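> In the numbering used here, the protein residues as written are 35 to 321. Structure incoming, see below.
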């Protein structure tokens, strides 16, 4: 009887949260599992703030500023310890200056067709978090962009996890690759080279199970001021390589001799390992 009463109480709509509106919103629009969009954000905590930043992000922001939002249905945090940072190329990167900047990476999937809906919520909630002093200031956004999904290339064809599983499957590592085409007109050529020639060849027999390919979209004009506008919207492609081995164990030869893109330039190749949620593991190995 007690549990039934409690259930009924919890199901009653509350005017201050507009509960009835949720039923209306759920009844229409896309609700598939395909990762049509992603948020990919690489951040550098300021020196001396590594532990505090990690606790803020894991204990509050990962949930309140990301996973609790509508249509953002999967997420994972990654970290680059100093030895991983030193594997990055090229030395002169258009993405990270210096190329070692950005020791934390967060990746999130957003339901296809729900980008606009999600953006309205995320801009509003981040303004609220900022107003309520729940935004950690001592950090720099090195590479933060919402991205549209272009394609996913699989090593094993139809076998194994799909891209919508990728942020939940216990992959041992991730490599972030950022490519810039020579011009907006050249980006389709670069994408075709990746999908038809480069990625299938590189994935065969490698520890990478899949590569997801995205293109960045502009951030809204009413974004938070500490996040800079996205660069390379018309020329850039972002690749996420999901690894079944620690990147330190397979960097050579799989990532040290990557063919330079014929219609573009590699602006960043950066390995990461997954964080261990709820802990400060790796925080003392960032510098």
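Positions of the beta carbon are idealized from the N, C-alpha and C atoms, including for glycine. Please read all numbers here as calculations on a predicted model, not as lab measurements.
#1: Roughly how far, in whole angstroms, is the beta-carbon of residue 301 from the beta-carbon of residue 212, given that I think they are within contact range, below 8 Å?
#2: In angstroms, rounded to a whole number, what distance separates the CA positions of residue 180 and residue 71?
#3: Would you mind giving the Cβ-Cβ distance between residue 201 and residue 141, rounded to the nearest angstrom? I have them listed as a contact below 8 Å.
#4: Among 138, 57, 73, which residue has its Cα nearest to the Cα of residue 250?
#5: Helix, strand or coil: how does DSSP classify residue 243 here?
#6: Count the other CB atoms within 10 Å of the CB of residue 241; is the residue buried (16 or more) or exposed (fewer)?
#7: My guess is that residue 269 and residue 183 are in contact by the Cβ rule of under 8 Å, so how many angstroms apart are they, rounded?
#8: For residue 224, which residues from the same chain have a beta carbon less than 7 Å from its beta carbon, with the 5 sequence-adjacent residues on both sides left out?
#9: By the 10 Å Cβ neighbour count, where 16 or more other Cβ atoms means buried, how is residue 221 classified, buried or exposed?
#10: Is the Cβ-Cβ distance between residue 254 and residue 112 less than 8 Å?
#11: Suppose the cutoff is 6 Å on Cβ atoms and the five residues either side in sequence are ignored; what does the same chain contact list for residue 158 look like?
#12: Using 8 Å for Cβ pairs, my map puts residue 206 next to residue 278. What's the rounded Cβ distance?
#13: Kindly give me the distance between the Cβ atoms of residue 303 and residue 122, rounded to whole angstroms, as I take these residues to be in contact under 8 Å.
#14: In terms of residues, what are the limits of the beta strand (DSSP E) holding residue 110?
#15: Under three-state DSSP, which class holds residue 103?
#16: Hey, quick one: how far does the alpha helix (DSSP H) through residue 202 stretch, first residue to last?
#17: Closest by CA to residue 311, which one among 288, 96, 185, 284?
#18: Would you call the CB atoms of residue 69 and residue 197 closer than 8 Å?
In short, the structure shows the following:
#1: 5 Å
#2: 7 Å
#3: 6 Å
#4: 73
#5: strand
#6: buried
#7: Taking 8 Å as the upper bound for CB-CB distance, residue 269 and residue 183 are not in contact here, some 18 Å apart.
#8: 213, 215, 271, 295, 297, 298
#9: The residue in question, residue 221, is buried, as its Cβ has 16 or more Cβ neighbours within 10 Å.
#10: no
#11: The answer is none, since no qualifying residue turns up.
#12: 6 Å
#13: 6 Å
#14: 106-113
#15: coil
#16: From DSSP, residue 202 is part of no alpha helix (DSSP H); its letter is neither H nor E.
#17: 96
#18: yes
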